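Read the structure below first, then the notes.
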Amino acid sequence: MGAPSKVRRVTLLVTLALIAGGCSEPPSTSQSGESFPVTIEAGNNPVRVPRRPERIVSLSPTATEILFAIGAGPQVVAVDEASSYPVEAPRTELSGYTPNIEALASYRPDLVVYSSDPGELRDALNTLGTPALLQPAAERLEDAYRQIAQLGTATGRRAESSRLVESMKERIAAITESAAEPESSYYHELDEGYYTATSKTFIGEVYGLLGLKNIADAAGTGYVQLSGEFIVQANPDLIFLADARCCGQSAATVAARPGWDQIDAVEKGAVFPLDDDIASRWGPRTVDFLQAIAESLEPGRP
Amino acid sequence: MLVLSIVCLLAAVAAGAAVGPVAISPGRILSDVAARLPLLETGTRLSERDAAILWQLRMPRVLLATLVGAMLAASGAAYQGVFRNPLADPYLLGAASGAALGATLVIALGPGTGGMVPPAAFAGALLGVGLAYLLGRSAGGGSGAVTLILAGVAVASFLTALQTFVQQRDQDTFRGVYRWVLGGLATSGWRDVRLILPYVVVSSVVLLLHRRLLDVMSVGDSEAGSLGVPARRVRLWVIAAATLGTAAAVAAGGLIGFVGIIVPHSVRLVAGSSYRLVLPLSLVFGAAFLVLADLLARTVLSPAELPLGVVTAFFGAPFFAVLLRSGVRSR
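Keeping their order, the protein sequence lines are chains A and B. Heads up: the first sequence runs through residues 163 to 464, numbered per my numbering. Heads up: the second sequence runs through residues 7 to 337, numbered per my numbering.
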C-alpha cells in the first residue's frame, strides 16, 4: 500500500467526520436543561431518542405509572387498556399483549414503551423510525430503579426520576425499619391454581425486605405452581391474595378450600387480599405494596 | 383380563393414596383407616393436618383421576367405534373447543368465577357437540359418520376462533385459560367428585350397554341394519353418552389429551378389537393410567405441580409407541 493512498484515506476520513458532524442535529435542550439526542442502554439494544419525546405511547402499565410519577404525564398521548393507574392516563383500546402496529402508529408516537414483544413490534417500530424502549418485568428491585432512570433519560426528566428513586428507597427503608421482623412464613397467591412467586422474583424480594420466609422456595425459583397438599403442610403464618380483584378470592373463599381450614393463617384470620395491580407492577407503587404487607404484620392484626 | 385390569386399577389407586408431595407412610394411612372404621377402632389417627391432606386433598384427587381417566378412555373407544375411525377421540366433534369457549367466557366475564368454570365447560362441550350433530344431520347425504366428523371439525374451528376472540379482548384471562388448557386436577376436592359422578355413571352404563352393538356396527351401517341393529339410533345414543362423559371429564380436569386415543388402542393391541372387551377395559385402564399420570404430576417437581396434560402426553405417547411395536411384531 503506497503513501498516496494512505493520505487519500486519511483525507476521506476527515472529510467524512466533518460531514457527519455537520449533519448531526445540534444538541437540543429541554426545559429542565437536558440535552438530546440520548441513547438508552436497554439490555442489548441501545435505543436512541433523537429529541425530547412529546407523543409517548406506553403499552406497559408499570411504565405508565412511572411516566406520570416523574412528571412526564403531559408527554403521554396514549396508554394501553391495562394501564389503570393513574386515572388521568389517556387509556385506549391498545393492547400491550397483542399490539396492533397500525393502531399504534395512528397516535404518531415519538417514543413507545412496552414490556413484552410477542411479535415483531420492535422491528415494525424501527421501520417507522420510532424509538421503542423495552422494559420487561423486573426481576429485582434494582431493575425497577434502572427502568425508572431509563424513562427519566428518555423523556428529559432525569432529575425527577432520580428524585423518585431516592424517595422510594427512603420510604422502603423507613417501612422496613419500623416493621417487626417476625420470621413468619407466607404464601403469596397469584391465581386460584396455586401459582405463586418464590423469593427469587421481584415480588419475593419485596417480602424478603421484611424478613418474611416464602413457603414456595422449596419448589424452586421464579414463578411456580404449588401442590395443594404442600401448602397445607407448609402451614404458612400469612396468606396474601394477589388474585382478590381479578378472581374474587377472599379470606372466605380460601377458608372454604378443602383442607385449608388446617392452615394457621386461615384459622387466625391472617389472610390478606391485596390490590392485584399494586402487587404485580414494579413501579413507584411497589412502596404501597410493601406498606400493605408491613401493615399486616402490625401488632393488633392477627 | 378384566380381573387383571381391576387389580391394576386398585394398585394404582393405592399408590396414588400413598405417594404425594407430603410423605404419609402406608402404615400410618392403614392405621388411620382402621381407627376410623366403626367397630374396629384400633389404629392411631393421623394428625388433623395430615388427615386433611390425605382425605380432603389427596383422595378426592385420586378418585377424580379415576373418573376422568375412565371417561376419557371409554369415550375415545366409543367414538372410534361409532365413527369407524381409529383417530376419533373425545375432543372431536367440538366437545373440547366448546368446553374451552365456555371456560374462557366465564374466566373473562366475571370475578368470583372459580366454581363456575366446570359447569360452563360442561355446557360448552354439549353445545359444541350439539351444533356439530345438527350441522351434520342437516348436511345429510353421504355417509353419516364422515359427515358428522367434518361438521365437528367445522364447529370446532369456529368455536376455537370465538374463544381466541374473547381471549384477545380480555387479556386478564390469559393465565386462567392457559392453566385450564394444560389440564390438571391441582385444586380438586370432593365437590368436583360429587359434581361429575352422576354423569360418569350414566355415561358408563349407556356405553357398556351398547358395547355389543358397536361390534355389529363395525361392519357398516347397512350391514348392521340388515342384522337388525338400528345404526342411526345406536350412534345417537353412543355419541350422546360419550359426549356427556367427555364434558364431565373436561369440566373437572380441563383439557387432558391423549388418554382417549392411547388407552383404547393399547387395550386393542392387548385384548383384540371386540368392543365387548375394549369398552370395559378402556374404562378401567383409563382410570389406572390417569391416576398414575396424576401421581407423577404431583410428585415429579414436588412440591411444585406439573400440568397433567403434559404428563399424559410425555409418558403416554412413548408408552403407546412401545406397545405398538411389540403388538405389531407379535402378529
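Glycine included, each C-beta is placed from N, C-alpha and C at the ideal position. Model, not experiment: these values are computed from the prediction.
Residue interval of the beta strand (DSSP E) (run including residue i)
i: A/Q387; result: Y385 to Q387
i: B/F264; result: From DSSP, B/F264 is part of no beta strand (DSSP E); its letter is neither H nor E.
i: A/V219; result: I218 to S220
i: A/E351; result: S347 to D353
i: A/P208; result: N207 to V211
i: A/T358; result: Y357 to A359
i: A/A234; result: Element bounds for A/A234: n/a, residue is neither H nor E.
i: A/T201; result: V200 to A204
i: A/I401; result: L400 to L403
i: B/L70; result: Run containing B/L70: none in the beta strand (DSSP E); it sits in the alpha helix (DSSP H), M65 to F89.
Element boundaries [alpha helix (DSSP H), containing residue i]
i: B/T249; result: A237 to G259
i: A/I435; result: According to the sequence shown, residue 435 of chain A is Pro rather than Ile. Run containing A/P435: none in the alpha helix (DSSP H); it sits in the beta strand (DSSP E), V433 to P435.
i: B/Y205; result: W196 to L215
i: A/D450; result: T448 to L459
i: B/P125; result: V123 to A145
i: A/Y307; result: L303 to T317
i: A/E328; result: R320 to S340
i: B/T110; result: A101 to L115
CB contact below 8 Å: residue i versus chain A
i: B/L329; result: no
i: B/Q174; result: yes
i: B/G108; result: no
i: B/T318; result: no
i: B/P66; result: yes
i: B/G259; result: no
i: B/L8; result: no
i: B/G118; result: At B/G118 the pLDDT is 48, less than 50, meaning the model places this residue with poor confidence and gives no usable figure here.
i: B/R274; result: no
i: B/G315; result: no
Minimum Cβ-Cβ distance from residue i to chain B less than 8 Å
i: A/G421; result: yes
i: A/Y276; result: no
i: A/A240; result: no
i: A/S428; result: Position check: residue 428 of chain A holds Val in this sequence, whereas Ser was assumed. Taking Cβ atoms only, chain B never reaches closer than 8 Å to A/V428, which makes this a no.
i: A/L459; result: no
i: A/V327; result: no
i: A/V416; result: no
i: A/Q395; result: yes
i: A/Q297; result: no
i: A/Q309; result: no
i: A/Q237; result: no
i: A/Q424; result: yes
Closest residue to residue i among the options (Cα-Cα distance)
i: A/T297; options: A/E429, A/Q387 and A/A311; result: Reading off the sequence shown, one finds Gln at residue 297 of chain A, where the question assumed Thr. Of the candidates A/E429, A/Q387 and A/A311, the one whose C-alpha sits nearest the C-alpha of A/Q297 is A/A311.
i: B/S81; options: B/L154, B/P324, B/V211 and B/R304; result: B/V211
i: B/P132; options: B/V207, B/L289, B/V199 and B/A255; result: Note that residue 132 of chain B is Leu in the sequence shown here, rather than Pro. It is B/A255.
i: A/Q411; options: A/L352, A/K362, A/I425 and A/T360; result: A/L352
i: A/S197; options: A/V428, A/P215 and A/P208; result: A/P215
i: B/L98; options: B/V152, B/R239 and B/P27; result: B/V152
i: B/G259; options: B/A102, B/S279, B/P44 and B/Y85; result: B/A102
i: A/F402; options: A/Q424, A/Y356 and A/G233; result: A/Y356
i: A/A306; options: A/V394, A/E354, A/T338 and A/V327; result: A/V327
i: A/D272; options: A/P212, A/A341 and A/G281; result: A/P212
i: A/F230; options: A/D423, A/E429, A/G314 and A/T363; result: A/G314
i: A/S324; options: A/L290, A/I365, A/Q387 and A/R308; result: A/R308
Residue-level contact to chain D via CB, residue i, 8 Å cutoff
i: B/S308; result: Here the protein chains are A and B, and chain D is not one of them.
Proximal residues to residue i (C-beta, below 7 Å), its chain only, five neighbours per side dropped
i: A/R210; result: P199, T201 and P293
i: A/C408; result: D438
i: B/V19; result: V68, T72 and V297
i: A/A244; result: P223 and G258
i: B/T243; result: Sequence check: residue 243 of chain B is Trp here, not Thr. These residues qualify, in order along the chain: V212 and H216.
i: B/V187; result: A106, G260 and L261
Close-in-space but distant-in-sequence residues of the same chain around residue i (CB under 8 Å, 5 per side omitted)
i: B/R218; result: Y281 and R282
i: A/A396; result: S347, Y349, I377 and A380
i: B/L141; result: A157, A160 and V161
i: A/S246; result: P223, R253 and D439
Own chain partners of residue i with C-beta closer than 6 Å, once the 5 adjacent residues on each side are dropped
i: B/R51; result: D38 and A41
i: A/G137; result: A query on residue 137 of chain A cannot be resolved here, the shown segment of chain A reaching from 163 to 464 and no further.
i: B/D221; result: S280 and Y281
(request) Below 9 Å between beta carbons is the criterion; list the residues of the segment 378-392 of chain A that meet it against any residue of chain B, in chain order. (result) A378, A380, A381, G382, V386, Q387, L388, S389, G390, E391 and F392
(request) Quick one: which residues of the segment 434-457 of chain A get their C-beta closer than 7 Å to a C-beta of chain B? List them in chain order. (result) none
(request) Determine which residues of the segment 214-235 of chain A have a Cβ less than 7 Å from any Cβ of chain B, and write them out in chain order. (result) none
(message) Give me the subset of the segment 350-372 of chain A whose CB atoms are less than 7 Å from a CB atom of chain B, sorted by chain position.
(response) Answer set for the segment 350-372 of chain A: D353, E354, G355 and Y356.
(message) At a CB distance below 9 Å, what residues from the segment 190-221 of chain B approach chain A? Give them in sequence order.
(response) G190, A192, T193, S194, G195, W196 and R197
(request) May I ask you to list, following chain order, the residues of the segment 248-282 of chain A that have a beta carbon less than 8 Å from some beta carbon of chain B? (result) S257, G258, Y259 and T260
(request) Mind checking the segment 15-31 of chain B against chain A and listing, in chain order, the residues whose C-beta falls within less than 8 Å of any C-beta there? (result) G26, P27 and V28
(request) Can you give me, in chain order, the residues of the segment 40-62 of chain B that have a beta carbon less than 7 Å from any beta carbon in chain A? (result) E54, R55, A58, I59 and Q62
(request) Pull out every residue of the segment 74-89 of chain B whose Cβ sits closer than 7 Å to any Cβ of chain A, in chain order. (result) none
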